[in-house]
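Line order of the protein sequences matches chains C and R.
Those letters in the first sequence? Residues 98 to 538, by the numbering used here.
Those letters in the second sequence? Residues 623 to 929, by the numbering used here.
Report on the following structure.
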Amino acid sequence: MISLPEPAHPVDLLRFNTCGSVDDGKSTLIGRLLYDSKSLMEDQLQALERSADITGGGHINLANLTDGLRAEREQGITIDVAYRYFATPHRKFIIADTPGHVQYTRNMVTGASSANLSIVLVDARQGVIEQSRRHTSIASLLRIPHLVVAVNKMDLADWSERRFREIRDEFETFLPRLDIKDVKFIPISALDGDNVVKPSRRMPWYGGPTLLHHLESVHIGSDWNLTGFRLPVQWVNRPENPSDPELHDFRGFSGQIAGGIVRVGQPVIHLPSRLCSRVREIHAADGPVDEAFCPQSVTLVLEDDLDISRGDMLAELDTPPGASAELHAKVCWMHPRPLQKGRKYLLKHTTQTVQAIVTSIENRLDFTDLEPEPAPSELALNDIGEIRLKTSQPLSFDGYASNRLTGSFILIEPGTNATAGAGMLFPPNELVKPEYADFAI
Amino acid sequence: MSTPVSPMQNYHIDHLEYLETEAIHVLREVAAEFERPALLFSGGKDSICLLRLAEKAFRPSAIPMPFLNIDTGHHFPELNAFRDRRAKELGAKLIIRKVEDAIARGIAIPSPGEVSRNRLQIPTLLAAIDEFQFDCCIGGARRDEEKARAKERFFSFRDSFGQWDPKNQRPEIWNLYNTRVNPGESMRAFPLSNWTEMDVWEYIRKEGLEVPSIYFSHPRCCVRRHGQWLPVNHLVPPKKGEQVAELTVRVRTIGDIISTGCVESPAVTVDDILAEIAAARVTERGSRADDKASEAAMEDRKKAGYF
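Next up, the structure:
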């Protein structure tokens, strides 16, 4: 029996997504990562070999590993976000394989929204194209903390350092306009495996890490937001007919901490009432604790009996969120029916759903030069632009740049219930203040 | 506060804690957003984890929804006994709907010579959803199991026929789940979407969860068929010329007794199983004949309303 070594430290999790245009080799890259890190199993290889014999003229197509749906195999494309899992002794990984064709940009937003890191693939022969700029700016818009530009198909570019540098220089002309702090350029060949898991002997001029080594070592410890406590109330926990008489009066507020740290005894403000109380108990997954932090799921019990329901928020007093029914946001439009001024949607923000009306469309991003085009008549499928909205009730929110969870929302089309757009809020104009200014902390 | 806080180290969540908080978040969304949810509980390892997560999500309250199981009549007896006992221990309402009854009532119609109950689970499940007007069923499916599942959402929308439309799925962005359905439509929710087989066993170890005995190695009579060891029983009698071997085996994944392959294994503890998976060279569902039918077997079943 092979013994499993206990990891010396807790194994953490890196979520990343891959993006590039059609034929940039995304699926091949993922297949390569799985294959070379020995995360592929024999029956998966056999299934690949079977399809290679039938349709591939005997050549194994690593892309068939992730292209799971029939239409994808038939058309040789990836039509939806596919999730893949693998692990090394250092980390566990969740990959969102997101397609590159223009019409499926919404899937990239989906796959990237929860990622710590994005890999943008560039074909070494083609260099930077509109899709590269689009994918990079979406990663920036979503505030993905880490970016890797993988210059792929170096085998078809004579393993040329000069070509690699040209592409890097071209990227660096527009990177300063974006909000990405950590960018790494890696020359690879996904087909042959160079610099994916094993260092390439054919590119001795490259002294950096392989892609896998970078994925294993990039620092993600500070990717969660630990400032400004926020708990969107998800579910009110009131035991029905408890056998334990002590639970008759139990009233807890359950939710996933969306920012910061909460401690027993800490004053908190309830929104929208702006009434204050203190935390009496914190119940975490394994029972009562003295403190809890983002992104743990907890149930809080307060000192005072406030009227609190789903959709409300409990927040820190020192660094409160803003509150407003007038919202200013960037949205990515995901529905064939365009967003237009005057249209009404349902807006889901944290745990509450309200009605919203589009009051103006300020601009639309042009991916050819990354400049905003002012006052467009509408935002079509896969467009990104700035809009203003008015909601039926004020929201308690933060700017997306400071908190991804309390600064984001989705728009739902009434009737069809389709998820039509993803929004990222600008910082609030005004922060909330407690109802009673003389409240003693 | 009773204990002083030391810096950073305390604010780290490891991968299991991450998967746990994500799953609890999904379970609470179901409880809060749906009127008549149900939790699909088979007694298998994934639904055992699901149950523990539900206990954690809602305590000190009880799990605020009934359990539902579709009994094919071809389940391993050990599994059903375990299922019934766990539901009783938790004081939960366990609803069982049988494929046999669905066949008798003409809800599920076997094709000539069809022995497997796998396909017939679909109309049985849909009839149960209709009977109780469930608007959301929580399942323990994981994306790493199979490549059609790899494309499915946490909240998987089903039309009024229970069908999954893989080309027209709702995007899921951040942790904002669009759970809205019109009357007659429903949702399947999969809190374990991001878990792997290894994560499930690590969680079983961490939580000290009890699992049915057939996951651990035991002696069993098997026959070799289509490259697998199938357990011999009244539905799988040895065919002419087949040698019955008494082996020390366990199951990695539990389906019906006619399609679940056993693997030879000396693993008698959860630690043994973890070590075995770490060294495994075939996937979990490599031992399930129902998935081997074709490249798109799972995709086709899900489109028809499968779990």
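Think of the CB as a built atom: it goes at the ideal place given N, C-alpha and C, for glycine as much as any other residue.
Quantities reported herein were computed from a predicted structural model and do not represent experimental measurements.
C-beta neighbour in chain D for residue i, strict 8 Å
i, result
"S683/R", "Note that chain D does not occur in the displayed structure, where the protein chains are C and R."
Neighbour flag for residue i against chain R, beta carbons, 8 Å
i, result
"W430/C", "no"
"V178/C", "yes"
"G356/C", "no"
"D140/C", "yes"
"G153/C", "Model confidence at G153/C stands at a pLDDT of 47, short of 50, so the residue's coordinates are unreliable and nothing is read from them."
"D402/C", "no"
"S499/C", "no"
"T115/C", "no"
"S314/C", "no"
"T516/C", "yes"
"F494/C", "no"
Which of helix, strand or coil DSSP assigns to residue i
i, result
"Q363/C", "coil"
"M410/C", "strand"
"L75/C", "This structure cannot settle anything about residue 75/C, because the visible part of chain C is limited to 98 through 538."
"T125/C", "helix"
"W332/C", "strand"
"P788/R", "helix"
"K715/R", "coil"
"A632/R", "In the sequence under discussion, the amino acid at residue 632/R is Asn, which differs from the Ala named in the question. N632/R falls in the helix class under three-state DSSP."
"Y182/C", "strand"
"C52/C", "No answer is possible for residue 52/C: the residues shown for chain C start at 98 and end at 538."
"Q865/R", "coil"
"G153/C", "Annotation note: pLDDT 47 at G153/C (below 50); position unreliable, coordinate value reported separately. Coil at G153/C, not helix or strand."
"N460/C", "strand"
"E921/R", "helix"
Buried versus exposed call for residue i [16 or more other C-beta atoms within 10 Å across all chains shown]
i, result
"G713/R", "exposed"
"K678/R", "buried"
"K123/C", "buried"
"L528/C", "exposed"
"N804/R", "exposed"
"V737/R", "exposed"
"I731/R", "exposed"
"F783/R", "exposed"
"R375/C", "exposed"
"S314/C", "exposed"
"R650/R", "buried"
"I226/C", "exposed"
"K135/C", "exposed"
"W302/C", "exposed"
"D279/C", "exposed"
"G117/C", "buried"
"P888/R", "exposed"
"L253/C", "exposed"
"T152/C", "Here the model assigns T152/C a pLDDT of 49, short of 50, so the residue's position is not dependable and the matter cannot be decided."
"P745/R", "buried"
"T488/C", "buried"
Closer than 8 Å to chain C by CB, residue i
i, result
"I731/R", "no"
"I744/R", "no"
"T643/R", "yes"
"W796/R", "yes"
"E722/R", "no"
"T694/R", "no"
"T625/R", "Low confidence applies to T625/R: its pLDDT is 43, below 50, so where it sits in the model is not reliable enough to give any reading."
"P793/R", "yes"
"A676/R", "no"
"V885/R", "no"
Cβ-heavy atom distance, residue i to the ligand ATP, below 7 Å
i, result
"A679/R", "The model depicted lacks the ligand ATP and carries no ligand whatsoever."
Quiz item: Below 8 Å, can you find three or more Cβ-Cβ pairs linking the segment 696 to 710 of chain R to the segment 353 to 368 of chain C?
Solution: Between the segment 696 to 710 of chain R and the segment 353 to 368 of chain C, the count of C-beta pairs closer than 8 Å stays below three; the two stretches do not touch.
Self-check item: Unbroken stretches of the beta strand (DSSP E), 3 residues or longer, contained in the segment 414 to 440 of chain C
Solution: The segment 414 to 440 of chain C is shown to contain whole beta strand (DSSP E) runs of 3 or more residues at 419 to 430, in chain order.
Quiz item: Which full runs of the beta strand (DSSP E) of 3+ residues lie inside the segment 800 to 836 of chain R, going along the chain?
Solution: Listed in chain order, the complete beta strand (DSSP E) runs (minimum 3 residues) inside the segment 800 to 836 of chain R are 808 to 811.
Practice problem: Pair every Cβ in the segment 337 to 345 of chain C with every Cβ in the segment 308 to 327 of chain C, then say whether three or more of these pairs are closer than 8 Å. | Solution: Taking one beta carbon from each stretch, the segment 337 to 345 of chain C and the segment 308 to 327 of chain C have fewer than 3 pairs nearer than 8 Å; the two do not touch.
Exercise. For the segment 764 to 784 of chain R and the segment 428 to 436 of chain C, state whether three or more C-beta atom pairs, one from each stretch, are separated by less than 8 Å.
Key: Of all C-beta pairs linking the segment 764 to 784 of chain R to the segment 428 to 436 of chain C, fewer than three are shorter than 8 Å, placing the two stretches out of contact.
Quiz prompt | Secondary structure, alpha helix (DSSP H): runs of 4+ residues fully inside the segment 215 to 296 of chain C | solution = The DSSP assignment places complete alpha helix (DSSP H) segments of no fewer than 4 residues inside the segment 215 to 296 of chain C at 227 to 238, 258 to 271, in order along the chain.
Quiz item: Is the segment 406 to 416 of chain C in contact with the segment 464 to 474 of chain C, if contact means three or more CB pairs nearer than 8 Å?
Solution: Because the criterion of three Cβ pairs below 8 Å is not met, the segment 406 to 416 of chain C and the segment 464 to 474 of chain C do not touch.
Exercise. Taking 8 Å as the threshold, find out whether the segment 418 to 428 of chain C comes into contact with the segment 479 to 494 of chain C through three or more Cβ pairs.
Key: In this structure the segment 418 to 428 of chain C touches the segment 479 to 494 of chain C; the number of beta carbon pairs closer than 8 Å is three or more.
Self-check item: Completely contained beta strand (DSSP E) runs for the segment 734 to 766 of chain R, where each covers 3 or more residues
Solution: Qualifying beta strand (DSSP E) stretches, in chain order: 758 to 760.
Quiz item: Contact between the segment 661 to 670 of chain R and the segment 325 to 338 of chain C: three or more CB pairs below 8 Å?
Solution: With the cut-off at 8 Å, the segment 661 to 670 of chain R and the segment 325 to 338 of chain C do not touch.
Exercise. Taking 8 Å as the threshold, find out whether the segment 826 to 835 of chain R comes into contact with the segment 848 to 856 of chain R through three or more Cβ pairs.
Key: With the cut-off at 8 Å, the segment 826 to 835 of chain R and the segment 848 to 856 of chain R do not touch.
Quiz prompt | Length at least 4, wholly inside the segment 656 to 728 of chain R: the alpha helix (DSSP H) runs in chain order | solution = Within the segment 656 to 728 of chain R, the complete alpha helix (DSSP H) runs of at least 4 residues are 667 to 680, 699 to 711, 721 to 726.
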